[in-house]
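Below is one structure, written out as structure tokens; comments come after it.
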Amino acid sequence: MTARQLALPLVATADYAPAQFLPDDSNAEARAWATAPERWPNRRIALFGPPGSGKTHLLHATAGTQGWRVLAGASLRGLPPAAPTALDDADLVPDETALFHLINACAEAGHPLLLAGRAPPSRWPVTLPDLASRLRATLATGLADPSDALLSALLARHFARAGVIVDAGLQDWLLDRLPREAAAVAEAAARLDRAALAAGGRVTRALARSVLAGWLGFGPDDGLPSGAAILSPDAACLL
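672 is the number that our numbering gives to position 192 of the sequence shown; each next residue is one higher, with no gaps.
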């Protein structure tokens, strides 16, 4: 008897290389600012947008091109030394004093500082008045809702990274039924990948209908869900 070969799930790692960033009208303004640090007022700007919009990728791509260090907001504490810096999830910094010091240190040394968060920095829930003042003085550039072309490219990329073969017709069928959000596209690809692995087969329309029906509440007519998608915490794969 021939043993059945089991497909093992692979953990996809994010590729933030500049060449992998997908340009779109939705990120054109943010790209224009990110690639011209000499134009930044006060030598700093902030990128903002919803999960999956591409702000983390753009931040990493900019830092990689410029040779800057990249820091994670959740890990920022104490008195970080001044250096050209890209700070991701800057709106999640647990130590407001550390963010205040980083902004001041970079400004005094003339170093560029690139921040990224889900909302413009003027809306971040900070309590330090001086930090709030610095954030209000930071130019913010947003990444808007992705175009249909970008969503299509993202879905194809997520399937390719997972090693899942899905024909173009089925991908179009999925895009017609998914919320118009990059994070929803990433979540759908992840759920279909897991379902195909569990079933030991490929992604079919029947499997996709079953997965989406349980997740988004489709009816028999495959109509669009009435409510918003419920995304898992790690579903917001970035561009």
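We treat Cβ as the ideally placed atom computed from N, Cα and C, and that holds for glycine.
Note that the coordinates shown come from a computational prediction; the quantities given were computed from them, not determined experimentally.
Item	Value
Separation of Asn584 from Ala578, as counted between CA atoms	10 Å
Per-residue DSSP class, three states only, for Ala624	coil
According to DSSP, residues forming a beta bridge with Val550	Ala566
Any 3 or more C-beta pairs closer than 8 Å across the stretch 639–650 and the stretch 598–617	no
Whole-angstrom distance between Asp568 and Gly649, CA atom to CA atom	36 Å
Residue environment, Thr545, which counts as buried when at least 16 other CB atoms sit within 10 Å	exposed
Same chain only: Cβ atoms within 7 Å of Ala617, ignoring 5 sequence neighbours per side	Asn522
For Gly681, three-class secondary structure by DSSP	coil
Endpoints, the beta strand (DSSP E) within which Leu611 is located	Run containing Leu611: none in the beta strand (DSSP E); it sits in the alpha helix (DSSP H), Pro609 to Arg616.
CB of Gly529 within 7 Å of CB of Leu623, strictly	yes
CA-to-CA distance, Ala562 to Ala688, given in whole angstroms	50 Å
Cβ pair His581, Leu559 closer than 7 Å	yes
Boundaries of the alpha helix (DSSP H) in which Ala578 is found, first to last residue	Glu576 to Ala589
Alpha-carbon to alpha-carbon, Trp513 and Arg519	8 Å
DSSP-derived helix/strand/coil call for Gly694	helix
Terminal residues of the beta strand (DSSP E) in which Arg524 lies	Arg524 to Phe528
Delimiting residues of the beta strand (DSSP E) encompassing Leu650	Premise fails: Leu650 lies in the alpha helix (DSSP H), Ala648 to Arg657, not in any beta strand (DSSP E).
Opening and closing residue of the beta strand (DSSP E) in which Ala596 lies	Leu593 to Gly597
Through-space distance from Pro574 to Leu611, alpha-carbon basis	13 Å
Inter-residue CB distance, Arg682 and Ala676 (contact presumed, cutoff 8 Å)	6 Å
Under 7 Å between C-beta atoms of Ala633 and Leu538	no
For Leu672, three-class secondary structure by DSSP	helix
Cβ-Cβ separation, Gly532 to Ala669 (assumed contact under 8 Å), whole Å	The pair is not a contact, with the Cβ atoms about 11 Å apart (cut-off 8 Å).
Cβ neighbours of Arg598 in the same chain (closer than 8 Å, five flanking residues each side left out)	Phe528, Gly529, Pro530, Pro531 and Asp571
Contacting residues, own chain, Cβ-Cβ under 6 Å from Ala566 (five flanking each side not counted)	Leu539, Ala543, Trp548, Val550 and Leu594
Where the alpha helix (DSSP H) through Trp604 begins and ends	Unbroken run through Trp604: none, as it is neither H nor E.
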